[in-house]
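Written out below as structure tokens is the structure these notes cover.
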Amino acid sequence: MESSSPLSRRAFGWKLLLALALVRTRAWAAGSGLVPTPRTGRGPFFPAGEVDSAGSDLLRAPQAVGGELLDIIGRVRGQDGQAVAGATLVIWQTDAHGQYDHPDSDPRPSGADALDPAFRYWGTAKADADGHYRFSTIVPGRYAVGGRWRPKHVHFEVRAEGYSSLATEMHFAGDPHAKEDFVATYAQHLMLAVEPRAVEPGPGDRPRQEASFDIVLTLA
Ligand SMILES: [Fe+2]
Numbered sequence: 269m270e271s272s273s274p275l276s277r278r279a280f281g282w283k284l285l286l287a288l289a290l291v292r293t294r295a296w297a298a299g300s301g302l303v304p305t306p307r308t309g310r311g312p313f314f315p316a317g318e319v320d321s322a323g324s325d326l327l328r329a330p331q332a333v334g335g336e337l338l339d340i341i342g343r344v345r346g347q348d349g350q351a352v353a354g355a356t357l358v359i360w361q362t363d364a365h366g367q368y369d370h371p372d373s374d375p376r377p378s379g380a381d382a383l384d385p386a387f388r389y390w391g392t393a394k395a396d397a398d399g400h401y402r403f404s405t406i407v408p409g410r411y412a413v414g415g416r417w418r419p420k421h422v423h424f425e426v427r428a429e430g431y432s433s434l435a436t437e438m439h440f441a442g443d444p445h446a447k448e449d450f451v452a453t454y455a456q457h458l459m460l461a462v463e464p465r466a467v468e469p470g471p472g473d474r475p476r477q478e479a480s481f482d483i484v485l486t487l488a
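Mapping to the working numbering: the sequence shown position 109 is 377, numbers consecutive.
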């Protein structure tokens with residue numbers, strides 16, 4: 269019977285170390301997983317009114333609302349790729365003319381300061397068991413801050429138990445103001461930008477687009 273020599277014991281030790289290193293590397297790779305959605309912060313126009321009961325439909329009157337109709341769909345996941353069921357999402361945005369329903373939002377450039385009565389400027393949704401969510405809204409307008417234009421965007425805040433809260437923005441690919449944006453870097457803009465596609469409207473409905481915006485949260 270072969271006895272265990274110091275050499276074979278040493279070789280076994282090295283193999284064990286290599287195996288452990290491989291396991292750790294695989295665990296690290298799995299842990300690093302998906303790239304987290306970039307943070308841009310809440311900004312100054314988080315809804316001043318009641319948010320929780322707003323619902324996921326921002327269209328008070330879909331036939332009358334100003335701007336292009338837009339459905340936003342997506343999935344909330346952790347970096348490990350697992351769905352974050354029950355995540356709470358809040359969105360807020362301007363109307364088609366670039367105005368927020370917020371006391372600090374500048375009036376429209378036209379001078380008219382009336383809000384669009386057919387539009388609800390914010391909404392809230394809960395991700396389902398697979399992490400999916402949906403909002404019905406419009407394409408927002410651009411607006412100026414300190415004499416500079418911000419690219420069109422929809423603000424998101426996502427909260428879920430066990431995960432860090434995320435405040436970010438959904439941008440639109442090809443926006444001419446993306447490179448001069450002072451809130452998101454251009455690299456962030458590219459990661460946050462969606463390309464809406466036309467969807468078939470129902471009988472009598474207005475044309476509608478759909479954008480897909482997936483969100484990756486980090487553990488708390
Ligand atoms: Fe904004």
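Backbone N, C-alpha and C fix where the C-beta goes; we use that ideal spot for every residue, glycine too.
(message) Give me the pocket residues for ligand 1, defined as CB within less than 6 Å of any heavy atom, sorted by chain position.
(response) Gly311, Phe313, His421 and His423
(request) For Tyr411, name the three-state secondary structure that DSSP assigns. (result) strand
(request) Return the residue from the list Ile483, Asp449, Leu326 and Pro330 that minimises the CA-CA distance to Gly222. (result) Because the chain is modelled from 269 through 488, residue 222 falls outside the range shown and cannot be assessed.
(message) Once DSSP output is grouped into helix, strand and coil, what is the label at Leu532?
(response) Outside the shown range of the chain (269 to 488) lies residue 532, about which nothing can therefore be said.
(request) Just tell me which of Glu429, Leu302, Ala428 and Asp449 has its CA closest to the CA of Glu437. (result) Asp449
(message) Along the chain, where does the beta strand (DSSP E) containing Leu357 start, and where does it finish?
(response) Thr356 to Trp360
(message) Taking the beta carbon of Thr486 as the centre, do at least 16 other beta carbons fall within 10 Å, making it buried, or is it exposed?
(response) Taking all protein chains in view, the Cβ of Thr486 is surrounded by fewer than 16 other Cβ atoms within 10 Å, so the residue is classified as exposed.
(message) Going by DSSP, what residue range makes up the beta strand (DSSP E) through Ala488?
(response) Counting along the chain, Ala488 falls outside any beta strand (DSSP E), and DSSP gives it neither H nor E.
(message) Taking DSSP's pairing of strands, which residues face Phe440 in a bridge?
(response) Val462
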